[in-house]
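Notes for the one structure printed next.
Protein chains in written order, with this note's numbering: chain A, 8 to 457; chain B, 8 to 457.
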């Protein structure tokens with residue numbers, strides 16, 4: 008370690024090799040405080056070449072590294088939980104917008120909000136948005152294939168990535184930042200690195216596509232007779248309404264808890280079995296197509312519609328408050344999962360019953376991105392260290408053919424679960440790829456694999 | 008080989024192990040006749056398990072395999088040019104459409120046209136379309152990340168793939184067909200296999216997203232003062248017009264050759280420096296937004312607009328005839344390349360001059376998917392075996408930071424070029440991945456790497 012740090016000081020300058028625990032502590036704990044580690048050092052390279060020097064030194068001296076962006080993850084994937092050295096990418100903050108190509112080149116350390124603002128200044132937009140936009144950075148968002156509320160419309164980070172620059176675990180630098188949308192020249196290393204959680208390479212920059220700015224926007228909160236009716240209505244909307252920008256599900260009991268929290272009655276169909284939050288963004292008025300798709304549809308009870316920004320925000324509040332209402336009731340187990348769409352409605356009923364059986368009196372909030380089959384299962388009541396309840400929920404997800412990580416990845420939090428979600432053949436293929444690109448296992452060795 | 012074939016007969020039944028040269032010949036030559044090989048045998052497995060048995064036998068007996076779909080490639084990637092055994096996937100033709108999820112599960116052998124028809128019957132559409140739709144199959148389209156005219160709107164095959172089932176070179180079967188749109192549980196093997204040209208695994212099935220059917224469609228042929236003006240106008244359209252479905256470039260001299268071929272004057276701006284073919288597909292009338300984006304734009308000379316199907320087809324004819332006009336003039340060197348958008352206009356001028364210097368009197372047709380930076384450079388005049396002219400064009404592409412393969416991949420045709428387009432670090436990373444998933448090098452060993 009001493010030689011490694013000495014090499015880092017030579018390569019980066021002493022100011023960018025932090026060893027004082029007062030300085031490193033902020034990098035060793037995640038933002039929720041759930042994952043607390045300790046780092047012998049934090050290094051802050053200022054260029055891709057400096058990242059390559061750090062990786063070469065780590066290989067030579069067999070030092071484990073954890074790449075870290077905005078530290079907004081939820082699964083402990085960017086925190087030094089086993090004494091790793093943190094490689095903080097915040098100094099890689101170069102940002103160039105190419106309006107003609109409708110693309111941007113962003114350093115790993117560029118915050119999402121900065122990218123969004125720069126895209127907006129060029130008359131364009133970035134396709135991904137999420138709550139942590141002021142802190143989350145491009146490198147971490149690519150490494151975890153971050154999603155958010157517009158995946159339905161523009162896809163997750165994976166769909167925005169045109170190319171990346173990265174330092175592989177071998178120390179080799181790969182770079183494809185020219186913005187070639189069509190480029191079939193061998194394996195797509197950018198797509199492989201996307202979602203690899205810092206275990207194959209350290210992403211130093213990305214070339215990202217930009218999208219057209221929203222046109223006319225309509226938001227609707229729709230009450231339905233049941234979760235199943237909501238899922239069916241969501242499918243019909245996907246088929247019949249162009250320009251869907253969001254399609255969110257909230258089950259009825261969850262929304263009524265939100266109503267208690269907000270001290271306001273539901274704005275529509277107060278006893279509905281479930282609710283959909285629908286947003287459409289189209290060049291011309293999207294309301295007629297939306298109304299036609301909903302009017303008279305079996306299982307659709309009523310809808311509240313808004314076109315003005317403030318009114319739309321009021322409808323969105325009903326969806327967004329789901330994330331916070333749990334914490335007002337107790338400890339929250341946040342499980343973010345995906346189900347096959349055909350299995351979604353049955354899963355929602357089943358998971359509530361399973362939790363009630365396992366922990367009588369616990370509250371299960373269900374909401375999420377139904378357009379992507381993605382449900383947030385928030386269980387309130389059992390203490391934080393009662394991980395058996397997480398097992399109950401994730402076990403049901405696996406049984407029903409779902410994914411235990413819709414967003415955020417596996418990290419350290421779910422690595423014991425990887426082998427239950429993915430087959431031995433898949434895990435072995437992943438391990439073979441890991442050995443190929445990180446032969447000494449120096450990159451985020453405590454993440455992904457058990 | 009004898010033991011391998013004997014094992015295949017046991018596993019697949021003798022009827023699906025072809026060794027008669029009269030029967031294998033059709034599998035040994037590509038559809039253009041440019042690539043002529045010979046196969047000691049063609050095996051036709053009828054299930055993923057049978058493909059796995061074939062791969063296991065090939066590993067045991069060290070037999071090289073070439074996976075083959077509809078055999079519509081252009082770079083010799085699916086043809087047994089070094090005496091490989093052909094694995095024909097045509098019998099894997101299962102197709103299920105899941106309307107609720109807006110997804111389909113398709114066997115590798117399902118032709119694109121069959122998939123399109125099934126999606127249409129469910130009130131949906133498939134996002135990729137290309138001329139070879141009756142022959143090209145899902146497996147080959149995923150393996151080569153096929154593109155076509157709607158990449159601008161829906162992305163290439165990569166963007167349609169939700170999951171794949173495949174037999175890796177190790178013989179292991181990986182399968183993720185549940186249709187999980189959000190699934191961040193380790194490396195995305197589907198994305199890695201997409202575009203890997205059969206060198207890492209044999210794709211046996213894919214889960215594919217379906218998209219909404221087109222709404223109201225407007226097509227316009229726009230004359231511009233120059234290629235640079237056309238590129239600028241294309242950027243403005245991408246920024247300002249929602250629902251762009253196609254954005255095609257033709258340079259002026261090329262379109263006038265098409266006019267001679269069709270014996271008709273250009274339908275708009277007969278002396279334009281370049282032309283754009285624009286198609287917009289939106290829920291409500293897209294014409295006002297299109298007109299607003301074009302009217303008074305510097306460099307835009309005139310536009311012909313069509314909304315009826317037959318009229319639209321007449322405008323498309325001007326673009327489509329570019330693919331055939333070359334053959335009426337002589338041997339055609341078809342080079343399908345991508346440039347960074349910012350370099351596109353200069354490249355178009357430069358490549359014409361370069362070809363003229365190298366082969367005075369040759370004709371260079373330029374057209375393609377400008378929305379993706381993708382240009383087809385068709386050089387007519389030099390004989391087919393004059394590959395030095397291909398070198399001139401591809402060399403210029405690499406110099407200008409482009410990609411030597413926009414679509415179709417590297418195959419055998421361009422493998423000598425891979426190391427000029429991709430850096431040594433990238434090629435070595437690809438080779439390491441190849442060794443990880445195909446340790447004995449039995450899958451398409453003569454493709455991709457020189």
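All C-beta atoms, glycine included, are put in the ideal place defined by N, C-alpha and C.
### Message
Using CA atoms only, rank isn't needed, just tell me which of B:122, B:48, B:107 and B:89 is closest to residue 100 of chain B.
### Response
B:122
#### Entry: Complete runs of the alpha helix (DSSP H) confined to the segment 336–424 of chain A [at least 4 residues]
Fully enclosed alpha helix (DSSP H) runs of 4 or longer: 348–365 and 395–406.
### Query
Considering residue 93 of chain A, what are the terminal residues of the alpha helix (DSSP H) in which it resides?
For residue 93 of chain A, there is no enclosing alpha helix (DSSP H); the residue is part of the beta strand (DSSP E) that begins and ends at 92–95.
### Task
Name the two residues that bound the continuous alpha helix (DSSP H) containing residue 149 of chain B.
145–150
### Message
Pop quiz: residue 154 of chain A and residue 163 of chain A are said to be a contact at Cβ under 8 Å. What is the actual Cβ separation, rounded to whole angstroms?
### Response
Between the beta-carbon of residue 154 of chain A and that of residue 163 of chain A there is about 4 Å, and that keeps the pair under the 8 Å contact cut.
### Query
Which residues in chain B sit within 9 Å of residue 148 of chain A, going by Cβ to Cβ distance?
Simply none; closest approach about 12 Å.
### Query
When Cβ atoms are compared, which residues of the segment 184–204 of chain A fall closer than 8 Å to chain B?
185, 186, 187, 188, 189, 190, 191, 192, 193, 194, 195, 196, 198, 199, 201, 202 and 203
#### Entry: Through-space distance from residue 21 of chain A to residue 286 of chain A, alpha-carbon basis
51 Å
### Query
Could you give the residue range of the beta strand (DSSP E) that holds residue 257 of chain B?
Its beta strand (DSSP E) spans residues 251–258.
#### Entry: Of the listed residues A:68, A:424, A:220 and A:36, nearest to residue 81 of chain A (C-alpha basis)
If we check each option's Cα against that of residue 81 of chain A, A:36 comes out closest.
### Query
Taking one C-beta from the segment 279–298 of chain B and one from the segment 242–255 of chain B each time, how about it: are there three or more such pairs within less than 8 Å?
yes
### Message
Looking at the strands, I want to know which residues DSSP matches up with residue 227 of chain B.
### Response
B:285 and B:312
### Query
Which residues bound the beta strand (DSSP E) around residue 158 of chain A?
Element bounds for residue 158 of chain A: not the beta strand (DSSP E) but the alpha helix (DSSP H), 158–161.
### Query
How would you write the range of the alpha helix (DSSP H) that residue 118 of chain A sits in, first residue to last?
Residue 118 of chain A -> no alpha helix (DSSP H), and no H or E assigned at all.
#### Entry: residue 125 of chain B versus residue 103 of chain B: straight-line alpha-carbon distance, rounded
So the two alpha carbons sit approximately 8 Å from each other.
### Message
Mapping the DSSP letters down to three states, classify residue 67 of chain A as helix, strand or coil.
### Response
helix
### Task
Identify which residue in A:226, A:18, A:269 and A:282 has its Cα closest to the Cα of residue 296 of chain A.
When only C-alpha atoms are compared, the closest one is A:226.
### Query
Taking the C-alpha atoms as reference points, what is the distance between residue 45 of chain A and residue 98 of chain A?
Straight-line Cα distance between these residues: approximately 21 Å.
### Task
Answer with buried or exposed for residue 13 of chain A, where buried requires no fewer than 16 other C-beta atoms within 10 angstroms of its C-beta.
exposed
### Message
Count Cβ pairs between the segment 16–31 of chain A and the segment 45–61 of chain A that sit closer than 8 Å; are there 3 or more?
### Response
Three or more Cβ pairs drawn from the segment 16–31 of chain A and the segment 45–61 of chain A lie within less than 8 Å of each other, which places the two stretches in contact.
### Query
According to the Cβ coordinates, are residue 345 of chain B and residue 281 of chain B closer than 8 Å?
no
### Query
Are any of the Cβ atoms in chain B nearer than 8 Å to that of residue 109 of chain A?
In terms of beta-carbon proximity, residue 109 of chain A lines the interface with chain B, with at least one pair separated by less than 8 Å.
### Message
Less than 8 Å between CB atoms is the rule here; does residue 417 of chain A satisfy it with respect to chain B?
### Response
yes
#### Entry: Under 8 Å from the C-beta of residue 425 of chain B: neighbouring residues of chain A
What residue 425 of chain B touches in chain A: 192 and 193.
#### Entry: Cβ pair count under 8 Å reaching 3, the segment 380–390 of chain B against the segment 111–118 of chain B
no
### Task
Could you check if residue 390 of chain B is buried or exposed, using at least 16 other CB atoms within 10 Å of its CB as the buried criterion?
Around the C-beta of residue 390 of chain B, fewer than 16 other C-beta atoms lie within 10 Å, and the residue is accordingly described as exposed.
### Message
My output table needs one value for residue 73 of chain A: the three-state DSSP class, helix, strand or coil.
### Response
strand
### Task
Determine which residues of the segment 105–136 of chain A have a Cβ less than 9 Å from any Cβ of chain B, and write them out in chain order.
105, 106, 107, 108, 109, 110, 129, 130 and 131
### Task
Go ahead and label residue 151 of chain A buried or exposed: buried means 16 or more other beta carbons lie within 10 angstroms of its beta carbon, across all protein chains shown.
buried
### Message
Tell me which residue opens and which closes the alpha helix (DSSP H) that residue 169 of chain B is part of.
### Response
Following the DSSP letters along the chain, one finds residue 169 of chain B in no alpha helix (DSSP H) but inside the beta strand (DSSP E) bounded by residues 168–175.
### Query
From what residue to what residue does the beta strand (DSSP E) around residue 209 of chain B run?
208–216
### Query
Taking 8 Å as the CB-CB cut-off, is residue 144 of chain B touching chain A?
no
### Task
Mind listing the chain B neighbours of residue 175 of chain A? Cutoff is C-beta to C-beta under 7 Å, in chain order.
436
### Message
What does the alpha-carbon distance come out to for the pair residue 323 of chain B and residue 284 of chain B?
### Response
7 Å
#### Entry: Any C-beta of chain A under 8 Å from that of residue 261 of chain B
no
### Task
Return no unless some Cβ of chain A is closer than 8 Å to the Cβ of residue 451 of chain B.
no
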